[in-house]
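**Q** Just so you know, the sequences run in chain order A and B.
Residues in the first sequence are numbered consecutively from 12, following this note's numbering.
Residues in the second sequence are numbered consecutively from 110, following this note's numbering.
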Amino acid sequence: MSNPSTGTSSKSKVGSSQPSETSFKRKRGVFQKDLQHMMYGFGDDPNPLPETVSLVEDIVVEYVTDLAHKAQDIGSKRGKLSVEDFLYLIRKDLPKLNRSTELLSMQEELKQARKAFEVDEEKLGTTE
Amino acid sequence: MKQSKDPFEAALEEQEESPPDSPIGQDELDSQTQNQTPTGHHTLVDDDDYDEIGTNTNNPSHPSSNSTPMLLTPSVNANVASAAAASKNKEYDDDEEEENVDVELGKFPSSADPAKMAKMQAILSQFTEDQMSRYESFRRSALQKSNMRRLLVSITGSQKISLPMTIVVCGIAKMYVGELVETARMVMTERKESGPIRPCHIREAYRRLKLEGKVPKKSVQRLFH
Chain A
12 MSNPSTGTSS KSKVGSSQPS ETSFKRKRGV FQKDLQHMMY GFGDDPNPLP
62 ETVSLVEDIV VEYVTDLAHK AQDIGSKRGK LSVEDFLYLI RKDLPKLNRS
112 TELLSMQEEL KQARKAFEVD EEKLGTTE
Chain B
110 MKQSKDPFEA ALEEQEESPP DSPIGQDELD SQTQNQTPTG HHTLVDDDDY
160 DEIGTNTNNP SHPSSNSTPM LLTPSVNANV ASAAAASKNK EYDDDEEEEN
210 VDVELGKFPS SADPAKMAKM QAILSQFTED QMSRYESFRR SALQKSNMRR
260 LLVSITGSQK ISLPMTIVVC GIAKMYVGEL VETARMVMTE RKESGPIRPC
310 HIREAYRRLK LEGKVPKKSV QRLFH
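1. Counting only Cβ pairs nearer than 7 Å, list the residues of chain B close to A:THR76.
2. Roughly how many angstroms separate the alpha carbons of B:GLU321 and A:PHE53, rounded to a whole number?
3. Scan the region 46-66 of chain A for residues whose Cβ lies nearer than 9 Å to a Cβ of chain B and list them as they occur along the chain.
4. Under a CB-based cut-off of 7 Å, is A:THR33 close to chain B?
5. What span of residues does the alpha helix (DSSP H) with B:VAL296 cover, start to end?
6. With a cut-off of 7 Å, does the C-beta of A:ILE70 fall near any C-beta of chain B?
7. For A:SER111, count the other beta carbons within 10 Å of its own beta carbon; 16 or more makes it buried, fewer makes it exposed. Which is it?
8. Using 7 Å as the limit for Cβ to Cβ distance, is B:SER250 near chain A?
9. Measure the CB-CB distance between B:PRO273 and A:GLN118 and report whether it falls below 7 Å.
10. Can you tell me whether DSSP reads A:GLU129 as helix, strand or coil?
11. Restricting to Cα atoms, I'd like to know which of B:MET295, B:GLU299 and B:ARG259 is closest to A:VAL72.
12. Answer with buried or exposed for A:SER135, where buried requires no fewer than 16 other C-beta atoms within 10 angstroms of its C-beta.
13. What residues in its chain sit with their C-beta under 7 Å from that of A:ASP84, if we drop five residues either side in the sequence?
14. Output the distance between the C-alpha atoms of A:LYS103 and A:ASN109, rounded to the nearest integer angstrom.
15. From A:ASP56 to B:ASP239, what does the alpha carbon distance come to, in whole angstroms?
16. Could you check whether the Cβ of B:VAL277 sits closer than 7 Å to any Cβ belonging to chain A?
17. What does the alpha-carbon distance come out to for the pair B:SER229 and B:ARG248?
18. If you run the structure through DSSP and keep just helix, strand and coil, what is B:LYS197?
19. Determine the contact status of B:THR265 and A:ALA79, defining contact as a CB-CB distance below 7 Å.
20. Would you say A:LEU135 reaches chain B, if we count a Cβ-Cβ gap shorter than 7 Å as a contact?
21. If the cut is a Cβ gap below 8 Å, which residues of chain B does A:VAL94 touch?
22. Rounded to the nearest angstrom, what separates B:THR292 and A:VAL130 at their Cα positions?
23. For B:ALA335 and B:SER242, what's the separation of their Cα atoms in angstroms?
24. How is A:ILE70 classed by DSSP in three states: helix, strand or coil?
25. Within the same chain, show all residues whose beta-carbon is closer than 6 Å to that of A:LYS81, passing over the 5 residues directly before and after it, in chain order.
26. Which residues of chain B have a Cβ atom closer than 8 Å to the Cβ of A:ARG89, listed in chain order?
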């Protein structure tokens with residue numbers, strides 16, 4: 012479990028008590044740049060402290076890891092991992108669930124729009 | 110940048126006075142024209158946010174505003190966000206579709222509620238510069254899909270990570286960050302501290318979220334617990 016009293020070192024990994032889950036190489040600062048902007052958007056300073064960003068990244072990676080593992084457990088019963096597994100996992104968290112379904116529907120709409128546009132492009136190309 | 114105009118803090122402190130330098134209606138154009146310099150990593154997508162805002166004000170300085178259809182579907186953001194910030198209680202579109210930003214049709218069915226959009230525009234027009242910049246960061250920021258995909262592949266060991274899955278996980282993670290940061294801000298106000306958020310606040314926020322059950326428990330079974 013994550014140890015709240017872990018040292019303030021930015022290199023500390025939250026929840027690293029299970030070595031099997033951290034067998035992959037954890038590159039430092041994978042999301043750092045994006046996280047800085049995101050944290051500012053959510054209420055932090057325009058320049059968040061680097062140790063804070065590192066800690067948030069660790070927590071987020073741990074969260075995603077947990078989610079992915081659980082989704083894999085669910086998905087393995089069905090055969091392969093699918094989006095529905097993730098949706099099932101966050102079913103209790105309504106804002107996240109709504110947001111996810113919205114993102115998925117938006118992505119579908121965009122795909123349709125792109126297809127429609129490509130069809131138009133071809134028509135334009137042939138008529139000219 | 111001054112923190113006092115932060116919508117979160119404003120909501121927390123029960124905003125008794127409106128920001129002194131928030132002109133009505135003028136601010137929107139100013140902040141939009143000043144937002145023409147994107148932060149670098151989201152180039153064309155960020156304009157779609159302001160496309161919806163700019164539809165009424167007819168802002169000509171947007172390069173792609175004529176061609177982005179971008180969905181005006183409202184989106185529900187983190188529950189804490191909508192509760193804490195009065196300006197964020199509207200559902201809104203996000204900019205996760207950065208993969209296909211080159212050309213879009215203008216005639217896109219907008220499933221947005223016009224009443225909500227009007228309300229949102231009314232709120233946005235009254236933003237100060239600081240609030241606008243923060244809102245812009247909030248809307249534009251996202252975790253990179255490529256990084257997320259790499260992470261998911263390394264976790265699951267399978268190469269078959271579909272694009273929708275990456276998008277969904279990025280969205281979920283962003284909301285999670287939002288919950289963390291906002292709870293950390295609440296912790297800071299309780300402790301009457303100010304300035305940038307420190308790791309101790311994040312840890313306390315994480316602890317509280319865990320108590321609320323918003324953090325998934327470890328998936329590995331633990332023996333002799």
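Don't be surprised by glycine CBs; every beta carbon is placed ideally from N, CA and C.
**A** Taking the structure as given:
1. Walking along the first sequence from the start, residue 76 of chain A turns up at place 65. Going along chain B in sequence order, the residues near A:THR76 (Cβ under 7 Å) are ILE264.
2. As a first step, residue 321 of chain B is located in the second sequence; it is residue number 212 there, counting from the start. As a first step, residue 53 of chain A is located in the first sequence; it is residue number 42 there, counting from the start. Whole-angstrom Cα-Cα distance: 20 Å.
3. LEU46, GLN47, HIS48, MET49, MET50, TYR51, GLY52, PHE53, GLY54, ASP55, ASP56, PRO57, ASN58, PRO59, LEU60, GLU62, THR63, SER65 and LEU66
4. Residue 33 of chain A sits at position 22 when you count from the first residue of the first sequence. Bear in mind that the predicted position of A:THR33 carries a pLDDT of just 47, short of 50, making it unreliable; the figure below should be weighed with that in mind. A:THR33 does not count as touching chain B.
5. As a working mapping, residue 296 of chain B is identified with position 187 in the second sequence. Per DSSP, B:VAL296 belongs to the alpha helix (DSSP H) from 272-300.
6. The count along the first sequence starts at 1 and reaches residue 70 of chain A at position 59. It does: the Cβ of A:ILE70 has a partner Cβ on chain B nearer than 7 Å.
7. By 1-based counting over the first sequence, the position of residue 111 of chain A is 100. Buried, since its Cβ has 16 or more Cβ neighbours within 10 Å.
8. Your numbering for residue 250 of chain B matches position 141 in the second sequence. At least one chain A Cβ lies under 7 Å of B:SER250.
9. What you label residue 273 of chain B is simply residue 164 of the second sequence in a count that begins at 1. What you label residue 118 of chain A is simply residue 107 of the first sequence in a count that begins at 1. Cβ distance < 7 Å, so B:PRO273 and A:GLN118 count as in contact.
10. To locate residue 129 of chain A, count along the first sequence from 1; it is residue 118. A:GLU129 falls in the helix class under three-state DSSP.
11. Locating residue 72 of chain A in the first sequence gives position 61, counting from the first residue. The candidate whose alpha carbon is nearest that of A:VAL72 is B:ARG259.
12. Translated into positions along the first sequence, residue 135 of chain A becomes position 124. It should be noted that the sequence gives Leu, not Ser, for residue 135 of chain A. Looking at its Cβ environment, which holds fewer than 16 other Cβ atoms inside 10 Å, A:LEU135 is exposed.
13. As a first step, residue 84 of chain A must be located in the first sequence, where it is residue number 73. Nothing listed; no residue qualifies.
14. The sequence position of residue 103 of chain A within the first sequence is 92, counting from 1. The sequence position of residue 109 of chain A within the first sequence is 98, counting from 1. Cα-Cα distance, rounded: 11 Å.
15. Working through the first sequence from its first residue, we reach residue 56 of chain A at position 45. Working through the second sequence from its first residue, we reach residue 239 of chain B at position 130. Answer to the nearest angstrom: the Cα atoms are 11 Å apart.
16. Counting from 1 along the second sequence, the entry for residue 277 of chain B is found at position 168. Taking Cβ atoms only, chain A reaches closer than 7 Å to B:VAL277, which makes this a yes.
17. For the purposes of this step, residue 229 of chain B is taken as residue 120 along the second sequence, with counting starting at 1. For the purposes of this step, residue 248 of chain B is taken as residue 139 along the second sequence, with counting starting at 1. Ser is not the amino acid found at residue 229 of chain B; the sequence shown has Met there. Spanning the alpha carbons of B:MET229 and B:ARG248 requires a straight line of approximately 14 Å.
18. Along the second sequence, one-based indexing puts residue 197 of chain B at 88. In this predicted model, B:LYS197 has a pLDDT of only 41, less than 50, meaning its place in the structure is not dependable; the value taken from the coordinates is given anyway. In this structure, B:LYS197 counts as helix in the three-state DSSP scheme.
19. To locate residue 265 of chain B, count along the second sequence from 1; it is residue 156. To locate residue 79 of chain A, count along the first sequence from 1; it is residue 68. Taking a C-beta distance under 7 Å as the contact criterion, B:THR265 and A:ALA79 qualify as a contact pair.
20. For the purposes of this step, residue 135 of chain A is taken as residue 124 along the first sequence, with counting starting at 1. No, A:LEU135 does not count as interfacial toward chain B.
21. Mapped onto the first sequence, residue 94 of chain A falls at position 83. Within 8 Å Cβ-Cβ: SER271, PRO273, MET274 and VAL277.
22. Here residue 292 of chain B corresponds to residue number 183 of the second sequence, with the count starting at 1. Here residue 130 of chain A corresponds to residue number 119 of the first sequence, with the count starting at 1. Rounded to whole angstroms, B:THR292 to A:VAL130 spans 48 Å at the Cα level.
23. Here chain B comprises residues numbered 110 to 334, so residue 335 of chain B is not present and cannot be evaluated.
24. Your numbering for residue 70 of chain A matches position 59 in the first sequence. Three-state result, A:ILE70: helix.
25. Here residue 81 of chain A is taken as the residue at index 70 of the first sequence, counted from 1. Excluding sequence neighbours, A:LYS81 sits near LEU100.
26. Within the first sequence, residue 89 of chain A is the residue found at index 78, counting from 1. In chain order: nothing, as chain B lies at least about 13 Å away.
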